[in-house]
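*Asks:* Let me give you the structure first, and then I'll get to my questions.
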Amino acid sequence: RPYLVGWRIRLILVSIGPILVYSMSDRTELSWGFFLSILAFSILYQLASDSLMFVSIGSFYTHIADERIGGTYLTLLNTIANCGHTWPK
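Residues 216 to 304 in my numbering are what the sequence shown spells out, letter by letter.
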């Protein structure tokens, strides 16, 4: 459930990002308000994408892991997830 909340927050923030950039595309100098809005946008996106979603995926792995080999299995699942997230980059 927290993963879906994080996904929705990311979707909303991703749609707001281009609007912020487009609104400042015709100006030659940036104001402090715009700078602070970009900073707040970046912090919210970072919280939603990394913290909330990473913790919820780890919680899911804890639920499906076998108790006898839990740590090894969690490490394997996390490694596969990390490869899947970084491969497109």
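For glycine and all other residues, C-beta sits at the position ideal for the given N, C-alpha and C.
With a threshold of 8 Å on Cβ separation, who are the neighbours of threonine 277 within its own chain once the five nearest residues in sequence on each side are excluded?
*Replies:* Around threonine 277: Gly285 and Leu289.
*Asks:* Using the Cβ count rule (16 or more neighbours within 10 Å means buried), how would you classify glycine 221?
*Replies:* Counting Cβ neighbours within 10 Å, glycine 221 comes out buried, since at least 16 surround it.
*Asks:* Does the Cβ of alanine 255 have 16 or more other Cβ atoms within 10 Å, making it buried, or fewer, making it exposed?
*Replies:* The residue is exposed, with fewer than 16 neighbouring Cβ atoms inside 10 Å.
*Asks:* Would leucine 228 pass as a contact of leucine 267 if the rule is Cβ separation under 7 Å?
*Replies:* Cβ atoms of leucine 228 and leucine 267: not closer than 7 Å.
*Asks:* Compare the C-alpha of isoleucine 224 against each of Ala263, Ser257 and Ile231 and name the closest.
*Replies:* Nearest option by C-alpha distance: Ala263.
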